[in-house]
């Protein structure tokens, strides 16, 4: 049996290794996105690449700290890498590319399914799939009611976010969905105060959805 000191050392090593993995995967993701999706433009400037690498590393580290060596960690590393890239693109272009959203959804389903099989948590996977459909349907209704406030990219992103939150639990799904709107509301208010009401269209909802997912996944037990 490992001593408490050895266990802590392994945890620190895991967090640091996962953070370094995030640093390495971030620029690779940016190069592949620029190559495979040229309509999004070239690789971002150096300052942006450094920022996305740092954010990816932080997200990977906190997921490693939260889940340890659990079989769901690879799925959440994927969420960290692609989530930061989606937030970057949505923030700069007000666009959530279908290929990236679908990649996050399909890969998330596969990795969480593998995790549920190895961990014998089939109920978690069923809840994740139901949550995916529930959050997607909720966003779709909002998008149809108020298309000016909710884009179809946000509606599509709701599917993988619902998948991940639902895998963790119904409580995470509820709070994650609500927190996304709260964060976006705060950003909108700050934007109005700084730039005026005419600039509220500049507020991208995707980053708030992804930030809420990270916060709820890490902070709720």
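Numbering (our numbering), first residue to last: 566 to 786. C-beta: ideal position from N, C-alpha, C; glycine also.
To the nearest angstrom, how far is it from the Cα of residue i to the Cα of residue j?
{"i": "residue 703", "j": "residue 599", "result": "32 Å"}
{"i": "residue 732", "j": "residue 700", "result": "13 Å"}
{"i": "residue 574", "j": "residue 583", "result": "14 Å"}
{"i": "residue 679", "j": "residue 691", "result": "13 Å"}
{"i": "residue 652", "j": "residue 734", "result": "24 Å"}
{"i": "residue 745", "j": "residue 683", "result": "31 Å"}
{"i": "residue 578", "j": "residue 623", "result": "14 Å"}
{"i": "residue 625", "j": "residue 687", "result": "25 Å"}
{"i": "residue 736", "j": "residue 743", "result": "11 Å"}
{"i": "residue 588", "j": "residue 604", "result": "25 Å"}
{"i": "residue 585", "j": "residue 593", "result": "13 Å"}
{"i": "residue 754", "j": "residue 747", "result": "11 Å"}
{"i": "residue 551", "j": "residue 644", "result": "Here the chain has residues from 566 to 786 only, and residue 551 is not among them."}
{"i": "residue 667", "j": "residue 576", "result": "32 Å"}
Helix, strand or coil: how does DSSP classify residue i here?
{"i": "residue 717", "result": "helix"}
{"i": "residue 790", "result": "The question about residue 790 has no answer, for the chain in this structure spans 566 to 786."}
{"i": "residue 636", "result": "coil"}
{"i": "residue 576", "result": "helix"}
{"i": "residue 685", "result": "coil"}
{"i": "residue 664", "result": "helix"}
{"i": "residue 696", "result": "helix"}
{"i": "residue 711", "result": "coil"}
{"i": "residue 785", "result": "coil"}
{"i": "residue 602", "result": "coil"}
List the endpoints of the continuous alpha helix (DSSP H) containing residue i.
{"i": "residue 768", "result": "Run containing residue 768: none; DSSP gives neither H nor E here."}
{"i": "residue 745", "result": "735–760"}
Does residue i get closer than 8 Å to chain B when you measure Cβ to Cβ?
{"i": "residue 714", "result": "Of the chains in the structure shown, none is chain B; there is only one protein chain."}
When the Cβ atoms of the region 639–651 are set against those of the region 717–733, are three or more pairs found closer than 8 Å? Under the Cβ criterion (8 Å, minimum of three pairs), the region 639–651 counts as touching the region 717–733.
Does the count of Cβ pairs from the region 652–663 and the region 714–721 closer than 8 Å reach three? Touching, yes, given that three or more Cβ pairs across the two stretches are closer than 8 Å.
- prompt: Are the region 671–683 and the region 599–616 in contact at 8 Å, needing three or more beta carbon pairs?
  reply: By the criterion of at least three beta-carbon pairs nearer than 8 Å, the region 671–683 is not in contact with the region 599–616.
For this session: Would you check if the region 694–711 and the region 623–643 touch, i.e. whether three or more CB-CB distances between them fall below 8 Å?
Result: When Cβ pairs closer than 8 Å are counted between the two stretches, the region 623–643 is seen not to touch the region 694–711, the count staying below three.
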